[in-house]
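Asker: Heads up: the sequence shown at position 77 corresponds to 188 in the numbering used here, and the numbers run straight through without jumps.
Ideal Cβ positions, reconstructed from N, Cα and C, are used throughout, including at glycine.
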Amino acid sequence: MSPLYVILIVLAIVGAWVIFAYNNFVRMVNRAKEAWADIDVQLKRRYDLIPNLIESVKGYVKHERETLEKVTAARVAAMDASGPAARGAAENMLTGALKSLFAVAEAYPDLKANQNFLELQRELSDTENKIQAARRFYNGNVRDLNTATESFPGNIIAGVFHFVPREFFELEAGEAAARQPVKVSF
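1. Taking the runs of the beta strand (DSSP E) that are 3 residues or longer, which of them lie wholly in the stretch 187-217?
2. If you draw a straight line from the C-alpha of GLU175 to the C-alpha of GLN153, how long is it?
3. Taking buried to mean at least 16 other C-beta atoms within 10 Å of its own C-beta, is LEU235 buried or exposed?
4. For VAL275, name the three-state secondary structure that DSSP assigns.
5. Since PHE279 and PRO195 should fall inside the 8 Å C-beta cutoff, what is the C-beta to C-beta distance between them, to a whole number of angstroms?
6. Rounded to whole angstroms, what's the CA-CA distance from GLN226 to LEU164? Just pull it up for me.
7. Please state whether DSSP places PHE136 in a helix, a strand or coil.
8. How many angstroms separate the CA atom of SER296 from the CA atom of ALA208?
9. Can you find the residues in the same chain that come closer than 6 Å, C-beta to C-beta, to ILE120, ignoring five residues on each side of it along the sequence?
10. Of the choices GLN243, GLU145, GLN232, whose alpha-carbon is the least far from that of ALA214?
11. Does the beta-carbon of SER193 have 16 or more other beta-carbons within 10 angstroms, so that it is buried, or is it exposed?
12. Return yes when the Cβ of PHE248 is within less than 7 Å of the Cβ of TYR133, no when it is not.
13. Between which residues of its own chain and ASN252 is the CB-CB distance below 6 Å, once the five residues before and five after are set aside?
Written as structure tokens, this is what we have:
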């Protein structure tokens, strides 16, 4: 076998590896994008439920206007946030505001027995579980992408084709209260 054939075979193997590695990065980036879209879907569902929840509470807690305004403001801030870090911080504020709303609702027995409120509460609880699952799915995909981006020899392909690590979607380290689940059952 001539040296030219050996060089061509080695180049073909390296070329096939580069193509495989590139396609693997594209697949991981697309999975991370899909996972982020799943988070957006669940957060939109949550944002859509909140106005209905506030409307059902308004009639019972007219003098708790400040709490309702905080929930509304936190919802708007969360909807306007972009990127995992900003979205995580805004979601922490919204979670805290919802906890305050449910704490206020605890003091109103008629509200706690209201079917509309109970259904919205159940829907919100279900949505919180779906958001948590979507976060785990996103973070798992980001972990895989980041590991591939930072590991040898994948880091060479990542550098050449400008694949960069992504941010995890997580709660802020200093927000111990936000790490507690939203209490939605009475």
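Answerer: For this structure:
1. none
2. 28 Å
3. buried
4. coil
5. 6 Å
6. 12 Å
7. helix
8. Any answer about SER296 is weak, because its pLDDT of 44 lies below 50 and its placement is not dependable; what the coordinates show is given next. Spanning the two alpha carbons is a distance of roughly 16 Å.
9. none
10. GLN232
11. exposed
12. no
13. ARG142, ALA143, ALA146
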